[in-house]
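Chemist:
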Amino acid sequence: MEAWKRLGKLISANMVFIVPLCIVVGVLWPQMLMPLKPIIPTLFAVVTFQNALKNDVASLVGALRRPLPVFLTVLLVHVLAPVAVCLAAGAFFGDAPDTVVGLVLEASVPVGATTVMWAGMYGGDVALALTMMFISTILAPFSIPWTLKLLCGAAVEVDVLGMMGDMLYMVGVPAILGVACNQLSQGRAKERVSPVMAPLSSILVPIIIATNSTGISQYMLNLTPRLVAIAIFVACVTATSIVFGRSVARATRQPDDVTVTMMFDCGIRNISAGAVLAASYLPAGALFPVIVGTLFQQLFAGIVGKVMLRQTDAEQE
């Protein structure tokens, strides 16, 4: 069992290197992974359930006692970011509606699970990170379809009900079940079940990323200046989101731990969920902008975290 747990920690600690490798595997050997596509939503539901096991009603209530950070993060992640990206993407890629809808989807997906890891590493509020991940995940089945419908409905046909159903299956219901299991077991699920499932979750995430990456194989193997421009655009959005989350926290005079959490919450998104939706419901051209986001999020989070840590050390000296 200890070896199993060490494997999970090893994968999680090296995700910044594993994610690009998974994309390479999916791009170069798509046929090897294609048979896994039908079970990807189920695998994703398992990952969501595992992440939700770390939360309980007490942590939710505790975080909600400071509603401003929660409100600001929801506003930034689910409203302002999609609108801003839609406007910017329309200006740069207005002649390619599929690209625009992919970029908007990439900006609309919920807070990623690894925010908890980064918040814990760099002095953030872990309880707030868990709560924001849960709230954002619960909102996603409703916010994502309607965001795409409202912002991109004229450019692409959005199956709102179908997308909501898949999001509920992948993230909404598993998140609620995870919190309920932990609450009803009085925290024993978090202490006993979560550590056993965590390595499985760490293994499934690369599999999900690699399998979803098969959809962009033809694009990556035939890179054009337009695709390079999209990748640069996504990198700028990711970096801007991290910086903007920190700036808003500072402007509203949040404590340092809350500032760190908001920074990562705004910058790190659940790209895997977006990739599943893009592959299932959107035109082929929408998948590339979503998948390429996985190249930058963990990398930028690590860079910003280290820079921030050095600044803190310098201030203390």
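Our numbering numbers the first residue of the sequence shown as 5 and each following residue consecutively.
Note that CB positions come from ideal geometry on N, CA and C, so glycine has one too.
(1) Quick check: is the beta carbon of Ser-16 nearer than 9 Å to any beta carbon in chain B?
(2) Val-247 to Leu-107, Cα distance in whole Å?
(3) Could you tell me which of Asn-59, Thr-135, Ser-140 sits nearest to Asn-186, measuring between CA atoms?
(4) Smallest Cα separation from Thr-298: which of Val-241, Ala-253, Asp-260, Val-183?
(5) Could you pull the DSSP bridge partners for Arg-192 from this structure?
(6) Which residues share a DSSP beta bridge with Val-115?
(7) Verify whether the separation of the beta carbon atoms of Gly-157 and Val-262 is less than 9 Å.
(8) What residue from Ala-283, Pro-73, Asp-170 has the CA that sits closest to Leu-132's CA?
(9) Can you say whether Pro-259 is buried or exposed, counting buried as having 16 or more other CB atoms within 10 angstroms of its CB?
(10) Which residues in the same chain as Phe-304 place their Cβ atom closer than 7 Å to its Cβ, once the five residues preceding and following it in sequence are excluded?
(11) Should Glu-6 go down as buried or exposed, given a rule of 16 or more other Cβ atoms within 10 Å for buried?
(12) Using the beta-carbon count (16 or more within 10 Å), is Thr-218 buried or exposed?
(13) To the nearest angstrom, report how far apart Val-61 and Val-175 are at their CA atoms.
(14) Among the candidates Ile-234, Gln-301, Gly-249, whose CA atom is the shortest distance from the CA of Ala-92?
(15) Are the stretch 109-116 and the stretch 44-52 touching, with three or more C-beta to C-beta distances below 8 Å?
(16) Just verifying my parser: in three-state terms, what is the DSSP assignment at Ala-100?
(17) Take Ala-279 and list the residues in its own chain whose beta-carbon comes closer than 6 Å to its own, dropping the five residues that flank it on each side.
(18) Out of curiosity, what's the CA-to-CA distance linking Val-23 and Pro-210?
(19) DSSP three-state call for Asn-186: helix, strand or coil?
(20) Pull up the distance between the alpha-carbon of Val-29 and that of Asn-274, whole angstroms please.
(21) Do Lys-194 and Leu-57 have their C-beta atoms closer together than 9 Å?
(22) In terms of alpha-carbon separation, which member of Val-264, Val-252, Gln-301 lies closest to Ile-276?
(23) Run through DSSP, which three-state label would Tyr-285 get?
(24) What's the gap between the Cα of Val-130 and the Cα of Ser-221?
Modeler: According to the structure shown:
(1) Here there is only one protein chain, and chain B is not present.
(2) Within the sequence shown, numbered from 1, the residue matching residue 247 stands at position 243. Within the sequence shown, numbered from 1, the residue matching residue 107 stands at position 103. For Val-247 and Leu-107, the distance between alpha carbons rounds to 19 Å.
(3) In the sequence shown, the residue the question calls residue 186 occupies position 182. Of Asn-59, Thr-135, Ser-140, the residue nearest in Cα terms is Asn-59.
(4) Numbered from 1 along the sequence shown, position 294 holds the residue referred to as residue 298. Among Val-241, Ala-253, Asp-260, Val-183, the Cα nearest to that of Thr-298 belongs to Val-241.
(5) Here the question's residue 192 lines up with position 188 in the sequence shown. As DSSP reads the structure, Arg-192 sits in no beta bridge.
(6) The residue given as residue 115 occupies position 111 in the sequence shown. Answer is Arg-273, bridged to Val-115.
(7) Translated into positions along the sequence shown, residue 157 becomes position 153. Translated into positions along the sequence shown, residue 262 becomes position 258. Against a cut-off of 9 Å, the Cβ pair of Val-262 and Gly-157 comes out as no contact.
(8) The sequence position of residue 132 within the sequence shown is 128, counting from 1. Minimum Cα distance to Leu-132 is reached at Pro-73.
(9) Position 255 of the sequence shown, counting from 1, holds the residue named residue 259. By the neighbour-count rule (16 or more Cβ atoms within 10 Å), Pro-259 is not buried but exposed.
(10) The residue given as residue 304 occupies position 300 in the sequence shown. Cβ neighbours of Phe-304 beyond the five flanking positions: Thr-242, Ala-243, Ile-246, Gly-271.
(11) Counting from 1 along the sequence shown, the entry for residue 6 is found at position 2. Its Cβ having fewer than 16 others within 10 Å, Glu-6 is exposed.
(12) Sequence index remark: in the sequence shown, residue 218 carries index 214 (1-based). So Thr-218 counts as buried.
(13) Position 57 of the sequence shown holds residue 61. Position 171 of the sequence shown holds residue 175. Rounded to whole angstroms, Val-61 to Val-175 spans 18 Å at the Cα level.
(14) By 1-based counting over the sequence shown, the position of residue 92 is 88. Ranking the options by Cα distance to Ala-92, first place goes to Ile-234.
(15) no
(16) Taking the first residue of the sequence shown as position 1, residue 100 is located at position 96. DSSP places Ala-100 in the coil class of the three-state scheme, outside both helix and strand.
(17) The residue given as residue 279 occupies position 275 in the sequence shown. For Ala-279, where only same-chain residues beyond five positions count, the Cβ hits under 6 Å are Asn-216, Val-294, Ile-295.
(18) Numbered from its first residue, the sequence shown carries residue 23 at position 19. Numbered from its first residue, the sequence shown carries residue 210 at position 206. Between the C-alpha atoms of Val-23 and Pro-210 there is a straight-line separation of about 6 Å.
(19) Position 182 of the sequence shown, counted from the start, is the residue given in the question as residue 186. In this structure, Asn-186 counts as helix in the three-state DSSP scheme.
(20) Taking the first residue of the sequence shown as 1, we reach residue 29 at position 25. Taking the first residue of the sequence shown as 1, we reach residue 274 at position 270. If I take the Cα positions, the gap works out to 20 Å.
(21) As a working note, residue 194 is residue 190 in the sequence shown. As a working note, residue 57 is residue 53 in the sequence shown. Contact: yes.
(22) The sequence position of residue 276 within the sequence shown is 272, counting from 1. In the sequence under discussion, the amino acid at residue 276 is Ser, which differs from the Ile named in the question. Ser-276 has its Cα closest to that of Gln-301, out of Val-264, Val-252, Gln-301.
(23) Here residue 285 is taken as the residue at index 281 of the sequence shown, counted from 1. Three-state result, Tyr-285: helix.
(24) For this step, residue 130 is matched to residue 126 along the sequence shown. For this step, residue 221 is matched to residue 217 along the sequence shown. Near 36 Å, if we compare the C-alpha coordinates of Ser-221 and Val-130.
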